[in-house]
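S.K.: Per this note's numbering: the sequence shown = residues 3 to 355.
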Amino acid sequence: MDIDLKYAYYPFTSCASDYVKRSGKSIESLLDGIFGRDVINRAKERVIQSIRGDIKNAFEDKDIPDIVDIEKELFSYPVARIFVSCIGDHYLIKRYALAEAEAAHVHMKAEEPEFLEKLAREFNIQCVLDRHDFQVHFADYLRFAYRMHDPEWKLVNRRLENGYVPVNKKDFVRLLQEAISDRIQSSLPLDLSHALKSSFSSHIVDISRHFDELKAEFRSDDFGEVNSECFPPCIKHMLALVQAGQNLAHSARFALTSFLANIGMGAEDIIDIYRVSPDFDEGQTSYQVKHILGSSGKAYTAPTCATMATYGNCFGKEQMCDWISHPLSFYRKKLDYDGKGARQSLPPMSSLK
Ligand code: SF4
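(1) Could you tell me the distance, in whole angstroms, from the CA atom of Tyr166 to the CA atom of Lys64?
(2) Taking only the alpha-carbon atoms, compute the straight-line gap between Glu231 and Met310 and give it to the nearest angstrom.
(3) What would DSSP say about Phe136, mapped onto helix, strand or coil?
(4) Under the assumption that Lys319 contacts Ile326 (Cβ atoms under 8 Å), give the Cβ distance between them as a whole number of angstroms.
(5) Please determine, among Ile89, Ile273 and Ala101, the residue with the shortest C-alpha to C-alpha distance to Gly55.
(6) What separation, rounded to the nearest whole angstrom, lies between the Cα atoms of Leu33 and Ala122?
(7) CB Ala18 to CB Arg44, shorter than 8 Å?
(8) Please list, following the chain, all residues that have a C-beta closer than 5 Å to any non-hydrogen atom of the ligand SF4.
(9) If you follow the alpha helix (DSSP H) that Val86 is part of, which residue opens it and which one closes it?
(10) Out of Val81, Phe14, Leu178 and Ile69, which one is the CA nearest neighbour of Ser31?
(11) Between Leu258, Leu131, Cys323 and Phe213, which has its C-alpha nearest Ile294's C-alpha?
(12) Would you identify the three-state DSSP class for Ala106, choosing helix, strand or coil?
(13) Who pairs with Leu131 in a beta bridge, going by DSSP?
(14) If you drop the 5 nearest sequence neighbours on each side, which residues of the same chain put their C-beta closer than 8 Å to that of Leu190?
(15) With DSSP run on the structure shown, which of helix, strand or coil describes Pro168?
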């Protein structure tokens, strides 16, 4: 039984799951032995890494992974899904799906267009490979592009040729990332037996601890007064750009607004920050800010450092950035490090460096 190494990077594909099924190994069989232990540890690592930021490449330190390494990676994916399902929290499911999709995105960028076309078929994306670019059926394009914040993704800003939208490889990979995230998210949680849940209970306790820590870090009512001195460098940079009268890209505007909202700033204070922007439109800014704060019933969490880096919004990393995976964690740690007594109100925009 053979499998290409690359499927270890795409464990959600039918090819990878067929391989796992054909191996004849059951989940129960993983509870004993060295192979099973390694698979379970990697599965746990997958979920914890997704909570903390991004799922790291398991083969980073290996020149040539062997079949056992590949199998561990392939088997760890269904076990990770079990772990996420045992906790069953909607936010964790979303975060895990996003992290798996982002991890795949890193590898997809280096793939040949033919492989990407094959991958798109997994997600029923109707597309045509056109040399190095792609033509995506407009219905499939809309299925995944509608949630992208940047105006460049709006269909009115794209060419349409006989019902197909031409996209370059970079954008095609981004659409695939959304498709992967959707597929994983919609397939969770799994319906698991009580016996199976019990056999993984100690691992679930460990994962839940990390998840609880994350939720505690993000509890906005616990951040106290806003202290701009403790903002991460990326957020300080964005604020400085706004203050200098520069328009922020949509992804940066979303990151800045959601960050400020998550640390407890009110809508009016956030809107005031954008007043100096050359393209300031009170009505539109108010709508966007309130939407991010949750006016439609869903409040948004600021993007992780991995997502910030993907959009070119990670700027001016400091030493503390090596210890965290989320700008909110940076802020939380800096507040704790500097001491609550040092907290102060947000200074005037003019004093921000
Ligand atoms: S590592 Fe994270 S917190 Fe630090 S600058 Fe980059 S995005 Fe901001």
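Ideal placement from N, C-alpha and C gives every residue a C-beta, glycine not left out.
Being a predicted model, the structure only gives us computed values, none of them experimental.
M.R.: Reading from the atomic positions:
(1) The residue labelled residue 166 in the question sits at position 164 within the sequence shown. The residue labelled residue 64 in the question sits at position 62 within the sequence shown. Roughly 41 Å separates the two Cα atoms.
(2) On the sequence shown, position 229 is the one that residue 231 refers to. On the sequence shown, position 308 is the one that residue 310 refers to. So the alpha carbons of these two residues sit roughly 20 Å apart.
(3) Looking up residue 136 in the sequence shown gives position 134. Collapsing the DSSP output to three states places Phe136 in a strand.
(4) The residue labelled residue 319 in the question sits at position 317 within the sequence shown. The residue labelled residue 326 in the question sits at position 324 within the sequence shown. With a Cβ gap of about 10 Å, Lys319 and Ile326 do not count as contacting.
(5) Taking the sequence shown and counting its residues from 1, one reaches residue 55 at position 53. Comparing Cα-Cα distances from Gly55 to each of Ile89, Ile273 and Ala101, the minimum goes to Ala101.
(6) Along the sequence shown, read from residue 1 onward, the residue named residue 33 stands at position 31. Along the sequence shown, read from residue 1 onward, the residue named residue 122 stands at position 120. Those two C-alpha atoms are separated by around 34 Å.
(7) Within the sequence shown, the letter at position 16 stands for residue 18. Within the sequence shown, the letter at position 42 stands for residue 44. It is not a contact, given that the beta carbons lie outside the stated cut-off.
(8) Qualifying residues come out as Pro234, Pro235, Cys236, Cys307, Met310, Cys316, Lys319, Cys323, Pro329 and Phe332.
(9) Position 84 of the sequence shown, counted from the first residue, corresponds to residue 86. Val86 -> alpha helix (DSSP H) spans Ile69 to Ile89.
(10) Residue numbering aside, residue 31 sits at position 29 when the sequence shown is read from its first letter. Ranking the options by Cα distance to Ser31, first place goes to Val81.
(11) Counted from its first residue, the sequence shown places residue 294 at position 292. Answer by Cα proximity: Leu258.
(12) As a first step, residue 106 must be located in the sequence shown, where it is residue number 104. Looking at Ala106 - three-state DSSP - the assignment turns out to be helix.
(13) Position 129 of the sequence shown, counting from 1, holds the residue named residue 131. Paired residue(s): Phe136.
(14) Here the question's residue 190 lines up with position 188 in the sequence shown. Around Leu190: Arg83, Val86, Ser87, Ile95, Tyr98 and Ala99.
(15) Position 166 of the sequence shown, counted from the start, is the residue given in the question as residue 168. Reduced to three states, the DSSP call for Pro168 is strand.
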